[in-house]
Structure formats: structure tokens, C-alpha cells
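Residue numbers (the working numbering): 2 to 174. Cβ atoms here follow ideal geometry from the backbone N, Cα and C, with glycine treated the same way. Just so you know, these numbers come straight off a predicted model, no measurement behind them. Right, one structure below, let's go through it.
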């Protein structure tokens, strides 16, 4: 059964990464965010947080609002996942994943400083943010949605990431 689940997840990831090109018109629309939401949803199964039990509600915080919110709410109904938007960084008391949209007005250095050493997976979508220290950064390469992973930043946060997921990532330093 586990093998069947892994094969299913692998086929979904491959389909999302290679089978779906994103045209320039769709890039600013809902399809891109639906794909990003699918990735975030799958990360829950392949990223490991300190002191997190599957019995707890999983929390995804979106900073300053994003079109990804509605897609995440739609797909999170199958799991015990809470998705909430926050206008202010200081309003977030606890989350497992913090999604920082490309148009966020808060400097990334401020966000990284607040969560330094805490097991919060910081996911962004701004070119260069993976190298600046975010854990996962969505990028478009050859009109395909990909994601960068900064292993050094992940290790500092005390988060574990499955080698299965890393096979599909662009590793940045």
C-alpha cells in the first residue's frame, strides 16, 4: 500500500513539474497558484517538523494575502489543515508553513530573522529568495513550475525533508 501511495505521489509531482507548462497569460492567474497549492499540500507529507504530531492541526500562514489561499482552502478539506491569511508578521503566533507571496511588502530579511532557528518552513515565490535563505522558493524554468530548496536553511531550522522530494528540487546554497 505504501508503495502504491508513493507511486501516486511521484506521478502527481512529475505531472505538476513536467507535464504542465504555464503560459505567460496563466502565469499571473489561478492555474499557477493551484499548482503551487498542490505542491504545498504535498510538502506536508514529505517535510518533517520537530515536535509535530499528525494528530495536531497543520497550520499554513499566508502573509499579506495571495491568490494561493483559495486553492489551498479547496484542497485542504481532506486533511486537518488550517489556512489563514495574515496582514502583519507579528500576528502569526504559530504555523508549520509560512507562504510569502512575491508582492509582500515586508523585507525577506525581517521574516527570516523572526523565524531563525524555528521549525517553520518558509516558502516564497520571488527570484533569488532561495539563495537569500528561504527554505523553498517557487520558480518558473522553461515555462514550468519548479521549486528551489536551500538545504543549509532547512537544516538550521531543524526541519527534515524527504530525499524523495529533494529528487525533484533545484538545490541552492
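How would you write the range of the alpha helix (DSSP H) that residue 33 sits in, first residue to last?
First-last of the alpha helix (DSSP H) with residue 33: 31-47.
Report, in whole angstroms, the separation of the C-beta atoms of residue 129 and residue 68, which I expect to be a contact under 8 angstroms.
Contact doesn't hold; Cβ gap of about 21 angstroms is too wide.
Uninterrupted alpha helix (DSSP H) stretches inside the segment 74-120 (no shorter than 4 residues):
For the segment 74-120, whole alpha helix (DSSP H) runs of length 4 or above, ordered along the chain, are 109-115.
In three-state terms, what does DSSP make of residue 58?
coil
Residue 147 - containing beta strand (DSSP E), residue span
145-151
Does DSSP classify residue 138 as helix, strand or coil?
The answer is strand: DSSP assigns residue 138 an E or B state.
Do residue 151 and residue 138 come within 9 angstroms of each other at the CB atom, strictly closer than that value?
Cβ atoms of residue 138 and residue 151: closer than 9 angstroms.
DSSP state of residue 161, grouped into three classes?
Here DSSP, grouped into helix, strand and coil, assigns residue 161 to strand.
If we ignore side chains and look at the alpha-carbon of each, how far apart do residue 70 and residue 104 end up?
14 angstroms
Near residue 126, which residues of its chain fall below 6 angstroms by C-beta distance, leaving aside the five closest residues on each side in sequence?
103 and 139
Output the distance between the C-alpha atoms of residue 174 and residue 75, rounded to the nearest integer angstrom.
33 angstroms
On the DSSP bridge list, what partners appear for residue 125?
101 and 138
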